[in-house]
Every structure is written in C-alpha cells, then in structure tokens.
Amino acid sequence: MKLVAGLVVSVALFGGAHVLSGGQGPSTAVEAVSSSTYRLTANGDEAACAVQRGAAVSDGLSRLKIATDCRQLMPGIERAKFWREQADGSVAFSENGIDPIVTFGVADGDGYESYAPSAPLLALNNDSSN
31 MKLVAGLVVS VALFGGAHVL SGGQGPSTAV EAVSSSTYRL TANGDEAACA
81 VQRGAAVSDG LSRLKIATDC RQLMPGIERA KFWREQADGS VAFSENGIDP
131 IVTFGVADGD GYESYAPSAP LLALNNDSSN
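Written as structure tokens, this is what we have:
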C-alpha cells in the first residue's frame, strides 16, 4: 500500500513539473534563479576581479563563472566551476562541486570573507553596479 501511495505521489510531482515547464522537455524551474555578480578582492588590495553565481544545479549548488584575472588574487581559483552554499550560510567554490578550493564565511554587511585557506584573505562582495 505504501508503495502505491509513493508511486502516486511521484507521478503527481512529475506531472506537475511537466505542466509548469509548459510541456517542453525537462523542467528548468531549478535554473530560474537569476545570476548574481560579485567583486572578489584579496587582503583589502585595490586589485579585484569579477565572480558570477549562475544558475542553480541542485539544492545549494550553483554554476560559477570566475574571471581569468582572479588568478592574480589566488592562483588556482580560476578552476572553480561551482558555488556551494552551506546551511550555515558559508559558501565554498569548487572545481567538482564537492572539494573546496576556497571557503567563505558570512561577513558583516553584504558579503563574505574567506577562512580556508587562511591566506590570502579574500573578500567577496555583491557588485551592486549590475
């Protein structure tokens, strides 16, 4: 009986998602989140680069675009392809969606500060010019 109820719920969810997507292939409801642009700086330096959080891939995981000049702030960060937001509000950038290259904690105001690795200290702030 539980199996039948589970099957009915699954079919209803799938049908609802299909209707919401207009019946034109897989639902893109998860990817409906608009991208956000951030400014990445190192150690309070004037040098900065652009970071863009893109479409959601799954719960808490989004695509990530990092400008090539970000390598000057932290070598290797340009390999990051994913933005993972944790339950505590921290954010990790990774190449594979799992292993962090850099991890940020919520900072005072509208932004993040890196805590792993410990150097360089990176600040990630929402770029309001976009």
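In this note's numbering, the protein residues as written are 31 to 160. Backbone N, C-alpha and C fix where the C-beta goes; we use that ideal spot for every residue, glycine too. It should be emphasised that the depicted structure is a prediction, and the values quoted were computed from it without experimental measurement.
Assigned exposure category for residue i - 16 Cβ within 10 Å defines buried
i	result
F44	Because F44 carries a pLDDT of 43, less than 50, the predicted location of this residue cannot be relied on, and the following value inherits that uncertainty. So F44 ends up on the exposed side.
S88	exposed
Y68	buried
C-beta atoms of residue i and residue j nearer than 8 Å
i	j	result
A153	A137	yes
G84	R93	yes
N126	G141	no
Integer-rounded CB distance, given that residue j should sit under 8 Å from residue i
i	j	result
A78	L151	Wrong, their Cβ atoms sit about 14 Å apart, outside the cutoff.
A110	S120	15 Å between Cβ atoms; not a contact.
Nearest to residue i (by Cα), restricted to the options the options
i	options	result
T133	D140, T98, G139 and E115	E115
G86	S66, G135 and Y142	What sits at residue 86 in the sequence shown is Ala, not Gly. Considering only alpha carbons, the answer is S66.
L103	P130, K95, Q82 and D75	D75
Element boundaries [beta strand (DSSP E), containing residue i]
i	result
I131	P130 to V136
L94	L91 to I96
E115	F112 to E115
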